[in-house]
Structure formats: C-alpha cells, structure tokens
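See below for the structure under consideration.
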Amino acid sequence: MLLAGLTGGIATGKNSVALILKDLGAKIIDADLLSRKLVERGMPAWQAIRDSFGSAVIKADGSLNRKALGEIVFADDEKRELLNSILHPEIIEEERRRIDLIEKDAPRSIVIVNAALLIESGNYREMDKVIVLSADEDIILERLAVRDGLSPDESRLRIKAQSSISEKLKHADFVLENNGTREELKEKVVMLYGELKAMEQADLKKK
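Under the working numbering, the first residue of the sequence shown carries the number -4, and numbering increases by one thereafter.
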C-alpha cells in the first residue's frame, strides 16, 4: 500500500483531483467529509464546539452552523487554532482507522488522504508521499467568487487562514499546478497516478 496526502490552498482543485484519482482506482479518504460527520449533532466534537463557541454557531435544528463558525474562525487566529485543536485529533484518528481497514482489505492500494490542512495538522508526517496543488491567486479569487460568492476580501481571509503555498511546497513530493482547464489537470493527474503505482509496485518487490 502507498499512502499519499493531497493538499493545497483553497480552490486549487483538491476535490477535482481526488475524483480523478478515484476513477483511476485510488482509495480516497476525504478529511472534510470526515469532519462533517464528526460535528453532527450530539457528537463529542459538536459538543466541544458548542461549549467553546456558544449557541451562535448552532442552528435551530441543533446542527452546526458552518457559515457562522467560519466567519468567526477566519477572522480570529486564536479561535481558528481552538477549532483546529478540537477537530484535528479526531479527524486524524478516524483517518488512521480507515487506512487500517483498507490495508487489511486491499493491501496493494494507492490511498489518498485529501486534506486541506494536511500540513497545518502535522499529519503529512504520516504520509509516504505528499501531493501539493497550486494555482495563481487571481484564479483562486475568481473561483471563490463563482463557487462560494465570496468577495476578494473574504477570499483573502480564507487564503490567509491556511499556511502559505511556499510552506506547503517545502513538504511536497509532487506539485501540480492547476491554472488551466479540467482536461489539462486530468492529464497531469493520470501521469501522477502512474508514478504512484510504479512506486507502490517497486516497494512491493523490495518486500
């Protein structure tokens, strides 16, 4: 099994890359989807967030108001760190559990952990390889305006909330630039998957 972390700045195309890799045969573990499950009403992380941030981040039906929480943490570094301290350990624990299951059921898999905060959480240290996506800021701002309806100032707050691309690149084994079309991105991902498969097979022969 080869374990690769997939990360990059906001709106650089992580989910698009993950979908292409899934179609090629990789097993995908999505940290954002895990996070959503971990903050469902009544879960320990949901309770910790409610205790730490108050009822303002809880909707009338008891579910987490992700928009309200986002507005708080993207504007306040300390509160963002508090949220990360609640979520990161639980997300990483669940990722490990799923990795173990895949290793038992399909030990020759390419496993991709798709995590925006792979570097910030320190979980990149658990990966065999790290893939970093990058894109020019003007393209990111345009994508965020179309996708999320964010103003340039709101978008820059979210960009600032993550570690800089230069920091992410320090830990990268592979770098994919995503400034072009989806077809161009797919070509790059297909080539990347071929390299990952070759690495996994070479490691298998050593064993």
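Don't be surprised by glycine CBs; every beta carbon is placed ideally from N, CA and C.
In this structure, the straight-line span from the alpha carbon of VAL34 to that of VAL184 is close to 31 angstroms. For ILE15, there is no enclosing beta strand (DSSP E); the enclosing alpha helix (DSSP H) covers residues 9 to 19. According to the DSSP secondary-structure assignment, LYS124 is paired through a beta bridge with ALA(-1). In the three-state reduction of the DSSP assignment, GLU115 falls in the coil class, being assigned neither a helical nor a strand state. When beta bridges are read from the DSSP output, LEU171 appears opposite LEU128. For ILE105, there is no enclosing alpha helix (DSSP H); the enclosing beta strand (DSSP E) has its first and last residue at 105 to 109. When secondary structure is reduced to three states using DSSP, ILE44 falls in the helix class.
Contact between the region 134 to 150 and the region 106 to 125 is absent: fewer than three C-beta pairs spanning the two stretches fall below 8 angstroms. The alpha helix (DSSP H) runs of length 4 or more contained entirely in the region 55 to 113 are, from start to end of the chain, 61 to 68 and 72 to 100.
Taking the C-beta atoms as reference points, ASP18 is found no nearer than 9 angstroms to ARG36.
The Cβ-Cβ distance between ILE97 and VAL127 does not fall below 9 angstroms.
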